[in-house]
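Input: a single structure, listed below in structure tokens.
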Amino acid sequence: MSTARTQRPHHRVWPKRLPLALSVPATSLWFNLEVAARRYPDKVAYRFFGHTLSFAQLQAEALALAGWLQGEGVEPGDRVALYLQNCPQFIIACYAILRANAVLVPINPMNKVQELSYQLGDAQARVLICAADLAPIAQAANASLEPEQRLHRVLVTRYSDAMPAPADMHPAEVASAEIDAWLRSEPPLPEGYQRWNQALAQARCPGPHTAQADDLALLQYTSGTTGHPKGCMHTHRSLMSNAVSGSWTQSTVESVGLGVVPFFHITGLVCFVLRAVFDATSTVIMPRWDRELAGRLISRYRVTHWTCIPTMVIDLFASPHYQDFELSSLVHINGGGAAMPEAVAQRLRQEFGLTFLEGYGLTETAAASHGNPPERAKLQCLGMPFFGVDSRVVDPRTLEELAPGEVGEIITFGPMLFKGYWRNPEATEAAFIEFEGKRFLRTGDLGHMDEEGYFFLTDRLKRMINSSGFKVWPAEVEALLFKHPAVHEACVIATRDAYRGESVKALVVLRSEARGHTASEEIIAWAREHMAAYKVPRVLEFVDSLPKSGSGKVMWLSLIHISEPTRPERIS
Numbered sequence: 048m049s050t051a052r053t054q055r056p057h058h059r060v061w062p063k064r065l066p067l068a069l070s071v072p073a074t075s076l077w078f079n080l081e082v083a084a085r086r087y088p089d090k091v092a093y094r095f096f097g098h099t100l101s102f103a104q105l106q107a108e109a110l111a112l113a114g115w116l117q118g119e120g121v122e123p124g125d126r127v128a129l130y131l132q133n134c135p136q137f138i139i140a141c142y143a144i145l146r147a148n149a150v151l152v153p154i155n156p157m158n159k160v161q162e163l164s165y166q167l168g169d170a171q172a173r174v175l176i177c178a179a180d181l182a183p184i185a186q187a188a189n190a191s192l193e194p195e196q197r198l199h200r201v202l203v204t205r206y207s208d209a210m211p212a213p214a215d216m217h218p219a220e221v222a223s224a225e226i227d228a229w230l231r232s233e234p235p236l237p238e239g240y241q242r243w244n245q246a247l248a249q250a251r252c253p254g255p256h257t258a259q260a261d262d263l264a265l266l267q268y269t270s271g272t273t274g275h276p277k278g279c280m281h282t283h284r285s286l287m288s289n290a291v292s293g294s295w296t297q298s299t300v301e302s303v304g305l306g307v308v309p310f311f312h313i314t315g316l317v318c319f320v321l322r323a324v325f326d327a328t329s330t331v332i333m334p335r336w337d338r339e340l341a342g343r344l345i346s347r348y349r350v351t352h353w354t355c356i357p358t359m360v361i362d363l364f365a366s367p368h369y370q371d372f373e374l375s376s377l378v379h380i381n382g383g384g385a386a387m388p389e390a391v392a393q394r395l396r397q398e399f400g401l402t403f404l405e406g407y408g409l410t411e412t413a414a415a416s417h418g419n420p421p422e423r424a425k426l427q428c429l430g431m432p433f434f435g436v437d438s439r440v441v442d443p444r445t446l447e448e449l450a451p452g453e454v455g456e457i458i459t460f461g462p463m464l465f466k467g468y469w470r471n472p473e474a475t476e477a478a479f480i481e482f483e484g485k486r487f488l489r490t491g492d493l494g495h496m497d498e499e500g501y502f503f504l505t506d507r508l509k510r511m512i513n514s515s516g517f518k519v520w521p522a523e524v525e526a527l528l529f530k531h532p533a534v535h536e537a538c539v540i541a542t543r544d545a546y547r548g549e550s551v552k553a554l555v556v557l558r559s560e561a562r563g564h565t566a567s568e569e570i571i572a573w574a575r576e577h578m579a580a581y582k583v584p585r586v587l588e589f590v591d592s593l594p595k596s597g598s599g600k601v602m603w604l605s606l607i608h609i610s611e612p613t614r615p616e617r618i619s
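Right, dumping it as structure tokens:
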């Protein structure tokens with residue numbers, strides 16, 4: 048292939064300090080921790096409310112937990128699920144699972160019984176590691192599975208297992224009374240469940256580490272238009288490609304990150320569980336967003352790198368104390384999940400000299416596939432294709448490449464692409480196309496590219512709702528709403544939200560016997576019990592009928608146009 052053919056527009060403005068592609072290590076992800084622990088044994092890897100975990104301690108505890116997993120029958124390729132908020136135990140468990148040659152399955156801790164049950168059953172998980180407050184949900188979800196699908200073992204940790212006593216904490220590290228009470232809660236343990244500390248105390252020695260670069264390492268669930276989440280299969284190699292990309296953010300071994308984006312999500316997992324260990328940086332962990340605590344932690348630990356969603360920045364600026372925070376240590380702030388309002392981005396530049404670097408990626412691309420380079424960022428922009436990534440804009444019908452400025456579907460190819468959807472060959476086949484001899488992923492997102500190779504998002508072919516960075520798929524919410532005894536039909540759409548960008552709205556047709564006897568608040572309250580909080584409709588409207596096409600399909604797009612004349616631009 049000629050140089051002219053392979054040269055892409057963004058190569059002409061590519062940062063001179065960076066190579067166009069990276070050499071990706073042909074090792075397992077576990078090896079990265081071995082190297083970091085050997086090089087920097089006493090360096091702080093993670094901080095959690097004043098508790099520190101060094102790289103040597105992280106390795107030692109991961110080894111002990113890997114031995115426990117193997118002692119409980121976990122074999123190479125088995126799936127082990129994590130059902131936790133951000134905490135040191137999450138990182139320890141991740142590396143223990145990888146060391147045991149098993150497959151990590153992170154699960155959103157906001158998921159309720161039905162959602163958890165589906166993912167455990169679909170992944171065929173053998174072991175679940177969860178937080179103490181989530182153990183009752185895990186117990187109910189496991190009981191709902193068929194006997195042959197049920198978990199072999201559940202390991203339970205309290206967040207306070209990795210926290211110092213209140214008297215030993217610096218005032219800047221103390222969370223709100225509500226969050227602190229949650230972190231230190233000790234609910235009763237379901238019968239047969241084992242405590243985290245007891246498992247580690249056994250100090251079992253794991254067998255040989257045999258996982259190879261192309262072995263399955265991660266089963267990350269992402270929702271889809273079928274109404275059920277799909278498991279994206281990532282190998283050690285596909286995850287490694289973005290784990291080694293710290294040079295993009297000008298990260299060094301002395302960098303300090305604020306780990307507040309969820310670790311169960313692909314962005315948090317890659318940035319703060321995988322890349323942070325490869326780069327041997329330090330991470331200050333936050334289990335939940337709290338603007339006052341975030342400001343104090345950035346100030347106390349001189350945080351240099353903050354990966355976030357725009358609503359966090361907006362919320363921090365809304366704090367009456369934000370000018371009292373010492374934020375001068377920040378040198379890099381980036382994120383995605385929603386568009387950064389231009390006014391807020393300008394304020395960041397004027398007050399702190401920081402440019403918010405927006406990016407773009409999918410679970411299928413192991414987080415970032417596009418990003419804005421620090422030295423040449425554009426606002427309201429997805430950025431340029433990442434290391435070794437080739438992205439195009441094509442006509443979604445003919446799949447012919449479009450010229451700069453023309454809107455079409457974004458397709459992408461690179462070393463970070465997933466291998467397919469777990470136990471779903473039909474969805475896998477539909478996700479990829481052959482283009483110029485390479486296997487490109489169809490993102491389902493509409494956008495355009497400018498003359499310099501920067502990409503911009505226009506809309507989505509898919510029906511995803513983007514609420515403060517959380518991806519909500521209407522079909523999944525609809526499937527859950529249909530379980531309510533009063534609901535005959537439901538259509539879920541996006542509605543504008545000044546803070547979240549978008550929120551969930553449900554249009555519901557009631558069963559005839561329920562009309563006049565059911566309040567919208569009743570169904571919303573029911574939804575809070577049966578689905579994650581970010582999926583719950585904030586607005587629920589009763590309608591007599593839903594518009595349908597000649598084939599009987601609900602014309603959801605017309606409902607959006609009726610409900611919302613315009614929709615905000617969104618960035619994944």
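Okay, so the sequence shown: first residue is 48 according to the numbering used here, each after it adds one.
Note that beta-carbon positions come from the ideal geometry of N, C-alpha and C, so glycine has one too.
Can you confirm whether the region 125-134 touches the region 173-186 when touching is taken to mean that 3 or more C-beta pairs between the two stretches lie within less than 8 Å? They touch, by the three-pair rule.
Return the chain-ordered ranges of every alpha helix (DSSP H) run that is complete within the region 350-410 and spans a minimum of 4 residues. List check, alpha helix (DSSP H) in window: 357-364, 389-399.
Determine the DSSP secondary structure at C141, reduced to helix, strand or coil. Here C141 carries a helix assignment [DSSP, helix/strand/coil].
State buried or exposed for K552, treating a residue as buried only when at least 16 other CB atoms are found within 10 Å of its CB. Residue burial annotation: K552 is buried, with at least 16 other C-beta atoms found within 10 angstroms of its C-beta.
So L395 packs on F403, CB below 8 Å; how close in whole Å? Yes, they are in contact, since the Cβ atoms of L395 and F403 sit about 6 Å apart, within 8 Å.
Would you kindly work out how many angstroms separate the C-alpha atoms of D544 and S550, rounded to a whole number? Rounded to the nearest angstrom, the two C-alpha atoms are 6 Å apart.
Taking the alpha carbon of G317 as the point to measure from, which residue in A140, S292, L340 has its own alpha carbon closest? One detail in the question is off: residue 317 reads as Val in this sequence, not Gly. Measuring from the Cα of V317, the nearest candidate turns out to be S292.
W243 versus I184: straight-line alpha-carbon distance, rounded: Between W243 and I184, the C-alpha separation is close to 18 Å.
Pick helix, strand or coil for R233, following the three-state DSSP scheme. The sequence shown places Glu at residue 233, not Arg. DSSP places E233 in coil when its eight states are reduced to three.
Spell out the partners DSSP gives K634 in its beta bridges. Only positions 48 to 619 of the chain appear in this structure, which leaves residue 634 out of reach.
Check this for me: beta carbons of H281 and Q259, under 9 Å apart or not? Taking C-beta atoms as the reference points, H281 and Q259 fail to come closer than 9 Å.
On the criterion of 16 or more Cβ atoms from any shown chain inside 10 Å, does R489 qualify as buried, or is it exposed? Its Cβ being crowded by 16 or more others within 10 Å, R489 is buried.
How many angstroms separate the CA atom of R64 from the CA atom of H379? Straight-line Cα distance between these residues: approximately 17 Å.
Is there contact between the region 321-329 and the region 285-303, where contact requires at least three CB pairs shorter than 8 Å? Yes, since at least three Cβ pairs between the region 321-329 and the region 285-303 fall closer than 8 Å, the two stretches touch.
To which residues of the same chain is R200 closer than 6 Å at the C-beta, ignoring the five residues directly before and after it? If we look at R200 and ignore the five residues flanking it on each side, its Cβ neighbours are E119, V174.
In whole angstroms, give me the CA-to-CA distance for I361 and Q106. One alpha carbon belongs to I361, the other to Q106, and they sit about 37 Å apart.
From E233, D497, I458, L305, pick the residue whose C-alpha is nearest to that of F487; which is it? Ranking E233, D497, I458, L305 by Cα distance to F487 puts I458 first.
May I have the straight-line CA-CA distance separating T272 from A526, to the nearest angstrom? Only weak support is given to the placement of T272: the predicted model assigns it a pLDDT of 46, under 50, and the value that follows is read from those uncertain coordinates. For T272 and A526, the distance between alpha carbons rounds to 11 Å.
Just the Cα atoms here: how many angstroms apart are P72 and H352? A straight-line Cα-Cα distance of about 24 Å links P72 and H352.
Measuring only the C-alpha atoms, how far is A628 from H312? Absent from the structure is residue 628, since the part of the chain shown begins at 48 and ends at 619.
Start and end residues, beta strand (DSSP E) containing N513: For N513, the enclosing beta strand (DSSP E) starts and ends at 512-514.
Three-pair Cβ contact test at 8 Å for the region 460-479 versus the region 495-505: Counting C-beta pairs closer than 8 Å gives fewer than three between the region 460-479 and the region 495-505, which falls short of the contact rule.
If you check the beta carbons only, do E122 and A149 fall under 9 Å apart? Yes. Within cutoff.
Measure the alpha-carbon distance for N381 versus M387 and round it to whole angstroms. Going by the C-alpha atoms only, they are around 10 Å apart.
With contact counted as at least three CB pairs below 8 Å, one residue from each stretch, are the region 564-571 and the region 146-166 in contact? Touching, no.
Expressed to the nearest angstrom, what Euclidean distance is found between the alpha-carbon atoms of S598 and A209? Note that S598 scores a pLDDT of 48, beneath 50, so its modelled location is shaky; the value from the coordinates is reported in the next line. Rounded to the nearest angstrom, the gap between the Cα atoms of S598 and A209 is 56 Å.
Start and end of the alpha helix (DSSP H) containing R489? Judged by DSSP secondary structure, R489 falls outside any alpha helix (DSSP H) and instead within the beta strand (DSSP E) spanning 485-496.
State buried or exposed for Y501, treating a residue as buried only when at least 16 other CB atoms are found within 10 Å of its CB. In the assembly as shown, Y501 is a buried residue. Its beta-carbon has 16 or more other beta-carbons within 10 Å.
With DSSP collapsed to three states, give me the class of T475. T475 falls in the helix class under three-state DSSP.
Which whole-angstrom value is the C-beta distance of P357 and V391, which I expect to be below 8 Å? The pair is a contact, with the Cβ atoms about 7 Å apart (cut-off 8 Å).
What runs of the alpha helix (DSSP H), each 4 residues or longer, lie entirely inside the region 68-103? Listed in chain order, the complete alpha helix (DSSP H) runs (minimum 4 residues) inside the region 68-103 are 77-86.
Please report the straight-line C-alpha distance between G455 and I144, rounded to a whole angstrom. Each residue's Cα considered, the two are about 40 Å apart.
Counting only runs of 4+ residues fully inside the region 148-215, write out the alpha helix (DSSP H) ranges in chain order. Listed in chain order, the complete alpha helix (DSSP H) runs (minimum 4 residues) inside the region 148-215 are 160-170, 182-190.
If I'm right that A111 touches L247 with Cβ under 8 Å, what's the distance once you round it to whole angstroms? That belief holds up - the Cβ atoms of A111 and L247 are roughly 5 Å apart, short of 8 Å.
For my contact list, N419 and G430 are in at a C-beta cut-off of 8 Å; report their separation, rounded to the angstrom. Contact between N419 and G430 holds: CB atoms are separated by about 4 Å, below the 8 Å threshold.
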